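Each protein sequence line maps, in turn, to chains H and G. Sequential numbering of the first sequence, starting at 1020, is according to my numbering. Sequential numbering of the second sequence, starting at 15, is according to my numbering. C-beta: ideal position from N, C-alpha, C; glycine also. All figures in this text were calculated on a predicted structure; none of them were measured in a lab.
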Amino acid sequence: MYGTIFAALGLKAPVHLYVDDKEYRSVFRHSPDIELTNTFEKSDIVLVTTEEALELARRKKGENPEGKPILFATDYHFLKSCEKTVGAFYWRKGRSQLLFLKKRLDRHHIAVPEKYGKFVIDEL
Amino acid sequence: MKQLYFNRIIFGIIGLLILFVLYLQYAIIENTEKIKKDEIQKSENYAQKIAEYLQAKTDNHMEASLTKSPKLRTQLNELLQALLTEKYQYIFVLKKDTKGHYRFLLDGSKEDAVEYKTLFFPQSSLFDKVYAERKMGIAKQQEGTQKIWLSLLYPIVEANQTEALLVVDLSEEYADYLNNFNSPLKMLVGLMQVFLVVSMVLLGLMAYRYYKFRQSVLNDVLTGAHTKLYLEEFFNRNRLDDYNAILIDMDEFKEINEKYSYDAGDVIIKEFTQAILAELSLESKLIRTGGTEFFIVVPKKEISIGVLAQKLFKRLQEKKYLIDNDVIFLTISMSAMIIPSGTSSLQNIQRILDEKLLEVKSRGKNDFIVLDLQMIDNLRYRDINYIKEALEEKRVSCLYQPIVHTQTKQIVKYEALVRLVDKEDSNKLITPDHFLKIIKGTTQYIKMSKLVLKEVFSSLHAFKDIKLSINLDLDDLYNNDMMKLIAKHLYKNREVADRLTFEILEYNEIVDYDKVMLIFQQLKAYGSKVAIDDFGSGYANYSYLIHLDIDIIKIDGNLISQLHTSAQRTKIVLESIRNLAEKFGCKLVAEFVSDEMLYTQIKALGIEYAQGYYLGEPKPIEAYEKFIKV
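Structural data, given as structure tokens:
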């Protein structure tokens, strides 16, 4: 699922991903299109899965708000509380929720494919 | 046949069980679906009630009321929370914003409750449909959802506009609970299915083994011809009288086995079988009934029995067999017959053909006989059931053949000869050669003897001046039941017993003369006489005269008829017998005196008494007694 989301964000395989959550890392370890990085800076995209990761992302992105890596959240709360995250994928009421924020995508000059258009919203 | 019915019953029961199990499975599925349907119906009513309550609490202006009053939101969220049971996973209320995105108005979740107007992507187009059409809908679990069995979407409508959408999610866990509601029954059905499958496999295996076993029992291993058991089963399924029958036996086959070995004999039997089969249609059946004996049944509609018998006889007679560079020809003996309509006893047919085959063999073998219609007509008299019925109905009669004084031609005695009266034609009398062998040694034989004794003694009482003789086999006298019967009748009729003669026939050599002597003494207890029948033939020899107390000697008819062909030599023998009789003090009777010439010769030889067609045919006693009186 994340592979297609990253592709929708215009990232080409192999996508260099930074995630500090052990569970997520163990999942991505076997993905052929994703390479896990050990540092925030070397990644194309950062998956924000915890408050700590969110804090780190805020700090690091402060240095380069429009450049790489792109921030992507795994919780609505992280998307809402961090302006720098471009979208999120999470579960709500037993349903998968994918959404992208248009302004934040524009900031990174990202245009998601048409089929993801229904998941792009103007504001939360 | 019994086995066949048994198999049918077993397979029938298994079939019914399969149907029952299938029905049970169907009923369980139907029942589970019905339970689910009922639960959904209940949930629909539940959703409707919640929606009505929410509308009432928000004065039919839900969004405005909730936006205005966070307290009311809290109250209603708590209410929805309270309504959540294990049956329901989520209960929440959505509303579309101006951009068409769904946002939460209320959320009854305890743990992951969302803020007011949080975005929500429902993952089902049905949400939009229900929202637009304002009719309740049910969204089933689909990709991108978890823990949800189905979602009830209930539109909250105000002024013909959808004000909000109440979503009631039924939990997957509850669906599992409903699915497993009938699980004990499902398990039982599953076990039954396993049992049935195993039973079917075992039955199939048994059927296969039974089939193989039947094949080995119904077909002869050496020749491939059928066995007797097959024949019996065949006529359990088919009418016997739709077929004609042939019995074939290879002549002198023992010599082949002895000369060329049994293996060579087997080869010949195989070739012989093939030669027969080549002449038969597929509908005909060839049965190996003995070592070299074959029984054939041919459908009547196919070919005339005479033609087939002729063809088969010729074919088998001409057949050559090559063994050890020797070319061998074999002769056969054969009997054939049309099986008469209404015949049901295969054993009778086999016995008749067997008797006729023996006749052919006794005439010198290498021949065949086809039974003519008269012979076949008489076959019914050989049916044990026919004889039984005749005896039950007392259709037994005696004819009396006179024994005359040779010099005066006066009747001195009558020989009683038993006859059965035909069932359809009471004037038709059936001679003993048709039925005596069949009932010999059975209780029917005793029954017949009883009837004969009764009639004979009755005649002796009715005609005070006559003397009678009856025939007995020595074997009969060895039989305790028969002896008791005779003794009882002799005692009962002791005043006329001295006018009765027992003509004793003997087919086996007497071993114990003392025993026979004792029997003769019993017969003579009330003055009856004992005659030795067919003297001069077989075992009826001179030893009798030495060991037994004989009153009368009846010279064998064959010996008398020799006077036609070898008059001088026969006269010498007859004179010798006459002298013996004189010496032993026995009266002498010549049998089979069928013409005047024989009568003259017998008279000239000084044989005191004579009997035969020339002197009187067997007739009812009244016929002769009337004649005498005239």
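On the DSSP letters alone, give me the boundaries of the alpha helix (DSSP H) that residue i sits inside.
i, result
"G:Asp280", "276-293"
"G:Pro198", "197-232"
"G:Ala146", "140-147"
"H:Ala1026", "1021-1027"
"G:His578", "Note, G:His578: premise wrong, no alpha helix (DSSP H); not H, not E."
"G:His475", "457-476"
"H:Tyr1037", "Where H:Tyr1037 is concerned, there is no enclosing alpha helix (DSSP H), although the beta strand (DSSP E) it sits in stretches over 1034-1037."
By Cβ distance below 7 Å, which residues in the same chain neighbour residue i in space, the five residues on each side in sequence not counted?
i, result
"H:Asp1094", "Ala1107, Tyr1109"
"G:Ser57", "Leu166, Val182, Leu184"
"G:Ala189", "Trp163"
"H:His1127", "Glu1085, Ile1089, Val1105"
"G:Lys643", "Annotation note: pLDDT 38 at G:Lys643 (below 50); position unreliable, coordinate value reported separately. Closer than 7 Å at the Cβ level, and outside the excluded window around G:Lys643, lies no residue."
"G:Leu14", "Only positions 15 to 644 of chain G appear in the structure, and residue 14 of chain G is not among them; the question remains open."
"G:Thr237", "Ile283, Lys284, Thr287, Arg302"
"G:Ala379", "The displayed chain sequence assigns Lys, not Ala, to residue 379 of chain G. Closer than 7 Å at Cβ, skipping near neighbours: Asp265, Thr345, Ser347."
"G:His503", "Leu467, Phe471"
"H:Lys1087", "Asp1063"
Hey, residue i and residue j: beta-carbon distance below 8 Å or not?
i, j, result
"G:Arg329", "G:Ala289", "yes"
"G:Leu68", "G:Ile170", "yes"
"G:Ile352", "G:Ile319", "yes"
"G:Leu705", "G:Ala404", "The structure shown does not extend to residue 705 of chain G, since chain G is modelled only from 15 to 644, so the question has no answer here."
"G:Asp563", "G:Gly541", "no"
"G:Glu269", "G:Glu297", "no"
"G:Lys568", "G:Val603", "yes"
"G:Gly122", "G:Leu94", "yes"
"G:Ala350", "G:Ala259", "yes"
"G:Gln424", "G:Lys617", "no"
"H:Arg998", "G:Val35", "Because residue 998 of chain H is not part of the residues shown, which for chain H are 1020 to 1143, the question remains open."
"G:Ile460", "G:Asp495", "yes"
"G:Leu371", "G:Asp263", "yes"
"H:Val1131", "H:Ala1027", "yes"
Let's see if you can read the secondary structure: which residues bound the beta strand (DSSP E) around residue i?
i, result
"G:Pro169", "162-172"
"G:Phe516", "514-519"
"G:Asn485", "482-487"
"G:Glu622", "Careful: G:Glu622 lies outside any beta strand (DSSP E) and carries neither H nor E."
"G:Leu119", "116-121"
"G:Gln415", "410-419"
"G:Tyr130", "No beta strand (DSSP E) contains G:Tyr130, which DSSP labels as neither H nor E."
Once you ignore the five residues that flank residue i on each side, which residues in its own chain have a CB closer than 6 Å to its CB?
i, result
"G:Tyr428", "Tyr414, Pro416, Leu482"
"H:Ser1100", "none"
"G:Met15", "Residue confidence is low: G:Met15 scores 49 on pLDDT, short of 50, so the model does not pin down where it sits. No coordinate-derived value is stated."
"G:Ile524", "Val530"
"G:Ile533", "Leu491"
"G:Thr72", "Ser79"
"G:Phe382", "Ala323, Phe327, Met348"
Please name the residue in the options whose C-alpha comes closest to that of residue i.
i, options, result
"G:Ile64", "G:Pro136, G:Asp52, G:Ala178", "G:Ala178"
"G:Leu133", "H:Val1131, H:Arg1114, H:Glu1133, H:Ile1024", "H:Arg1114"
"G:Lys468", "G:Asp447, G:Leu499, G:Asp490", "G:Leu499"
"G:Phe195", "G:Glu53, G:Ser347, G:Leu296, G:Ala637", "G:Glu53"
"G:Phe327", "G:Asp397, G:Ile342, G:Ile346, G:Gly356", "G:Ile346"
"G:Phe25", "G:Asp570, G:Leu537, G:Met214", "G:Met214"
"H:Thr1058", "H:His1035, H:Leu1117, H:Asp1141", "H:His1035"
"G:Ile591", "G:Ile262, G:Ile566, G:Leu612, G:Lys334", "G:Ile566"
"G:Ser359", "G:Leu254, G:Tyr335, G:Lys402", "G:Leu254"
"G:Leu514", "G:Glu307, G:Ile401, G:Ser440, G:Lys478", "G:Lys478"
"G:Phe549", "G:Ala595, G:His75, G:Asp234, G:Ser411", "G:Ala595"
"G:Ser463", "G:Asp368, G:Met497, G:Leu119", "G:Met497"
"G:Asp436", "G:Arg409, G:His419, G:Val418, G:Lys461", "G:Arg409"
"G:Val341", "G:Ala278, G:Val374, G:Leu372", "G:Ala278"
"G:Leu216", "G:Ile28, G:Gly626, G:Ile586", "G:Ile28"
"G:Leu385", "G:Val281, G:Arg377, G:Ile366, G:Ala239", "G:Ile366"
"G:Asn659", "G:Thr456, G:Asp528, G:Phe516", "Chain G is shown from 15 up to 644; residue 659 of chain G falls before or after that span and cannot be answered."
"G:Glu147", "G:Pro136, G:Lys124, G:Gln175", "G:Gln175"
Using a Cβ-Cβ cutoff of less than 8 Å, which residues in the same chain neighbour residue i once the five nearest sequence positions on both sides are dropped?
i, result
"G:Pro84", "Tyr130"
"G:Lys333", "Glu285, Phe286, Ala289, Phe343, Leu344"
"G:Ile401", "Tyr395, Leu434, Phe449, Ile452, Ile453, Gln458"
"G:Phe641", "With a pLDDT of only 46 at G:Phe641, under 50, the local geometry of the prediction cannot be trusted, and the value read off the model is given with reservation. The answer is none, since no qualifying residue turns up."
Should residue i be counted as a contact of the ligand MN given a C-beta to heavy atom distance under 7 Å?
i, result
"G:Asn339", "The model depicted lacks the ligand MN and carries no ligand whatsoever."
Alpha helix (DSSP H) runs wholly inside the stretch 1042-1098 of chain H, at least 4 long, in chain order: Every alpha helix (DSSP H) of 4 residues or more that sits fully in the stretch 1042-1098 of chain H is shown, in chain order, as 1070-1082.
Alpha helix (DSSP H) runs contained entirely in the stretch 306-358 of chain G, provided each spans 4 or more residues: 319-332
Alpha helix (DSSP H) runs contained entirely in the stretch 490-566 of chain G, provided each spans 4 or more residues: 494-506, 527-537, 556-561
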